[in-house]
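Reviewing the structure listed below.
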Amino acid sequence: MGMTMTEKILANHAGLDSVQAGQLIKAKVDIVLGNDITSPPAIAEFTKIGKPVFDKDKIVLVPDHFTPNKDIKSAQMAKTVREFAREHQITNYFEVGRMGIEHVLLPEEGLVVPGEVIIGADSHTCTYGAVGAFATGVGSTDMGAAMATGDTWFKVPSAIQVNLTGSLPKWVCGKDVILTLIGMIGVDGARYQSLEFIGPGVAALSMTDRLTISNMAIECGAKNGIFPVDGATIAYLNGRAKKPYTVVTADKDAVYERTVEINLSELTPVVALPHLPENVRPVHGLAEIPIDQVVIGSCTNGRIEDLKQAAVIMAGKSVHPNVRTIIIPGSQAVYLTALEKGYIATFIKAGAIVSTPTCGPCLGGHMGILAAGEKAVATTNRNFKGRMGHVDSEVYLAGPAVAAASAIAGRIAGPEGV
Amino acid sequence: MILEGKVWKYGDNVDTDVIIPARHLTTADPKELAVHCMEDIDETFAANVQAGDIMVAERNFGCGSSREHAPLAIKGSGITCVVADSFARIFYRNAINIGLPLLELGPDAKKIKAGDRLKVDLAKGTVEDITSGETFQAQPLPGFIQEIAQSGGLISYVKGVQK
C-alpha cells in the first residue's frame, strides 16, 4: 500500500519501511522549537529528566510572544530562556534585535528543510509544511522531553487530500485559500489528520502563500499541512538552506480518507467573522462593519509580500480617522527589506505605526489590545472570544489586502473598494 | 481509578484562549492559572469549582494554541478528569503528558448536563451519570498512552525508559 508524504517522512524518522494511519510510532526529530511562553515550562520539565540536550544545533529558541518584554514577569520568562540557551550553548537562540516571529524566522533562516520532522511548542509550527517538512505543534512537556531524547511519539495521521487547481485572481492570497478551506470543512474538519496539498494549482502559489496556508492548518484541527517540493521550493531554499535535505514525494497509490477540491481561480477575498475561523464570508457581501483597529503582521501574514500588498493599497492614502493601524514586520530581515523598498515610509505617511517583530496583539499579549466593544481586522490566525483583548471585543480575520483596504475605509472593505 | 464529582458542562470548540487567556500566561503555576480558568466564558467557574469536580464538553475541546497552561489550569482548579465528545490533538497530548485524565465519549457527551453527578471509571472507560441513571462507554486509551498516564505523565515515563 502506498504512502502519503506525511507517512513517508514519519516512516523515515521512525526507522520503519512503512507506516499506516493510526499507528503509534516513536520518531526522531530534526528540530525542537520553543518560544518565551512555552520554553520556561519545557526547561523545567527537561531539567527533571537530568540529561544533557540531545543536540545543541537542533534546538531553536525564539523569544517572540511577549517580547520586547512587556512586563517584569515576561522579562523573567525571557531571561529563563536566555540563560538556558547560554548554559547549553544552543546554536539557534535568537535575541531581540536579531529575531523574528518564529514561523517567519525559521524558514527565512533556512533552518527548516524538506523531509524533516519538526516539533515546536507552538501550535503554528505546522507552517513548515510549506517547505515539504512534517511539522506539528506540541506542548511544553513534549518539547522538554524531546530536548533530552531527540525523539517523540506520534499517532500517524490519516490524510485529507486538498486538490488545488487554477490560479489566484488579483488581490486574492494564501489567506483567502486557507480561510476558504476552513470555512468548507470547519474548525475540526481535519482533526488528528494531515492536509496534503496537491494538484496543478500548487505551482501557481508563491512560497509566501504556501507558508500562510500551512500556518493555519491547525485552525481546522489538522496535525500538519504539507506541500510537495517543486521548483518554487527549491528556488526558495537555494542559498538559504542551512543543511542538506531529502525530497520526499507521495506514492501514486497513497491512501487518502477524502479529497477536497479548491479551484483557486474561483476564490474571492474573504473574512472570518467572530468568534471562529470557520465563519468565513466573502468581503463584498458583508453589511457595513465599522472598525477600530487593523493589525497587519503575525506568523500568518508578516512576510515581505504581505507588507507589499498592504503598501500598494495604502500608498498615497490615509488611515481612516477612527482606525488605529499597527503594522508588524515578521522579522528583522522583513523589516529592513520593507524599509529599503519604501513600504515603511508608505505606512507611516498613511498614519499607521510600525512595530518591531512580535506576536504581541495576535494573542492579546501587548502592542494593540482591544477594549470592550472594539472591532479589529487582523491578518492573524485566531478570532476566538477575547483573543486580542477584552472578552467583548471582536476580531475579523483577513489577508493583508483586505486589512489595508479596511484601514483606509474605516470599515471592512475589499481591496477593489478603496 | 474511579472518580466521582459534579459536572461543569461546556459546548463545542472550547479553545485554549478561553480555558486560560494569554494575558495570564506570565506564570505556569497551576494554582495561579486556576484563578483565571474559563473566566472569559464562565465567570462562576473559578470561584465555585470544587476539588473532585469533572469537566464535560462537546466537540473539539481544547482547540487552538498549544499552551500547556490550559490543562495545567484545569488540573490546578481541582478538576480530576475531562470528558468530551472529542478533543483537539495538541490539548489531548498535553493533558496526558501532565497527568490530567481524559475520556473521549463521542456524541453521548451531549446527554450529560451541568450539575449532574458523574462516576468515571478510567480503566474501563465507563462514564455513569448518577443523576440521569445512564451509563456511557468511552473509547479506551491506546496502550502506549495508558503507559504514559500510569507513569504519571511523560517526564516520569521518559525517565523510566531512559534508565
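From first to last, the protein sequence lines stand for chains A and B. The numbering used here applies: residue 97 is where the first sequence begins, and numbers increase by one. The numbering used here applies: residue 226 is where the second sequence begins, and numbers increase by one. By construction, the Cβ of each residue, glycine as well, lies at the ideal position given by its N, Cα and C atoms. Nothing here was measured: the structure is a model prediction, and the numbers come from that model.
Within-8 Å CB hit, residue i to chain A
i, result
"I380 of chain B", "yes"
"I304 of chain B", "no"
"T252 of chain B", "yes"
"K388 of chain B", "With a pLDDT of 46 at K388 of chain B, under the threshold of 50, the modelled position of this residue cannot be trusted, and the question is left open."
"A334 of chain B", "no"
"D242 of chain B", "yes"
"G236 of chain B", "no"
Own chain partners of residue i with C-beta closer than 7 Å, once the 5 adjacent residues on each side are dropped
i, result
"I127 of chain A", "K154, V156, L207, V208, E212, I214"
"R507 of chain A", "E384, I385, P386, I387"
"A247 of chain B", "none"
"A468 of chain A", "H486, D488, S489"
"Q119 of chain A", "V252"
"K404 of chain A", "Y439"
"A253 of chain B", "H294, L297"
Three-state secondary structure assigned by DSSP to residue i
i, result
"S427 of chain A", "strand"
"V343 of chain A", "coil"
"Q517 of chain A", "Any question about residue 517 of chain A goes unanswered here, given that chain A covers just 97 to 514."
"E470 of chain A", "coil"
"F293 of chain A", "strand"
"A282 of chain B", "strand"
"Q389 of chain A", "strand"
"I197 of chain A", "coil"
"L432 of chain A", "helix"
"T421 of chain A", "strand"
"K234 of chain B", "strand"
"N397 of chain A", "helix"
"N515 of chain A", "There is no way to answer for residue 515 of chain A, as the model of chain A reaches only from 97 to 514."
"I330 of chain A", "helix"
"D349 of chain A", "coil"
"D242 of chain B", "helix"
"E229 of chain B", "strand"
"L403 of chain A", "helix"
"V298 of chain A", "helix"
"I380 of chain B", "helix"
"V450 of chain A", "strand"
"I186 of chain A", "coil"
"V487 of chain A", "coil"
"L363 of chain A", "coil"
"K445 of chain A", "helix"
"A515 of chain A", "No statement about residue 515 of chain A is possible, as the shown extent of chain A runs from 97 to 514 and does not include it."
"I155 of chain A", "strand"
Cutoff 6 Å; reference residue i; Cβ partners in own chain excluding five residues on either side
i, result
"F316 of chain B", "G287"
"V345 of chain B", "L228, C306, V352"
"I279 of chain B", "G230, V232, C306, L343"
"P255 of chain B", "L297, K300, G301"
"P137 of chain A", "S236"
"V514 of chain A", "A501, I504, A505"
Neighbour flag for residue i against chain B, beta carbons, 8 Å
i, result
"A244 of chain A", "yes"
"Y288 of chain A", "yes"
"W267 of chain A", "no"
"G464 of chain A", "no"
"R354 of chain A", "no"
"L363 of chain A", "no"
"I145 of chain A", "yes"
"F150 of chain A", "no"
"G460 of chain A", "yes"
"M173 of chain A", "yes"
The alpha helix (DSSP H) enclosing residue i, as first and last residue numbers
i, result
"D247 of chain A", "Careful: D247 of chain A lies outside any alpha helix (DSSP H), inside the beta strand (DSSP E) at 247-251."
"V177 of chain A", "168-183"
"P137 of chain A", "135-145"
"P496 of chain A", "496-505"
"R306 of chain A", "303-311"
"L106 of chain A", "101-110"
"T355 of chain A", "Careful: T355 of chain A lies outside any alpha helix (DSSP H), inside the beta strand (DSSP E) at 354-359."
"E372 of chain B", "368-376"
"Y288 of chain A", "Per DSSP, Y288 of chain A belongs to no alpha helix (DSSP H) and is neither H nor E."
Segment limits, beta strand (DSSP E) that includes residue i
i, result
"T276 of chain A", "Looking at the DSSP string, T276 of chain A is not in any beta strand (DSSP E); the run it does join, the alpha helix (DSSP H), is 270-281."
"G321 of chain A", "320-322"
"V192 of chain A", "Looking at the DSSP string, V192 of chain A is not in any beta strand (DSSP E), and its letter there is neither H nor E."
Residues of its chain near residue i, where Cβ-Cβ distance is below 8 Å and the 5 sequence neighbours each way are ignored
i, result
"G317 of chain A", "V283, D284, G285, A286, R287, Y288, Q289"
"G438 of chain A", "A407"
"P496 of chain A", "C269, K271, I392, N397, D402, L403, Q405, A406, T475"
"G385 of chain B", "S376"
"S427 of chain A", "M195, G196, I197, V200, L201, E204, G398, P453"
Start-end ranges of the beta strand (DSSP E) lying completely within the stretch 306-366 of chain B, minimum 3 residues | You should have 306-309, 327-329, 342-346, 351-354, 359-362.
Could you give the uninterrupted runs of the beta strand (DSSP E) lying entirely in the stretch 251-303 of chain B, keeping only those of 3 residues or more?
-> The DSSP assignment places complete beta strand (DSSP E) segments of no fewer than 3 residues inside the stretch 251-303 of chain B at 279-282, in order along the chain.
Runs of alpha helix (DSSP H) wholly within the stretch 201-263 of chain A (minimum 4 residues, chain order) = Listed in chain order, the complete alpha helix (DSSP H) runs (minimum 4 residues) inside the stretch 201-263 of chain A are 236-245.
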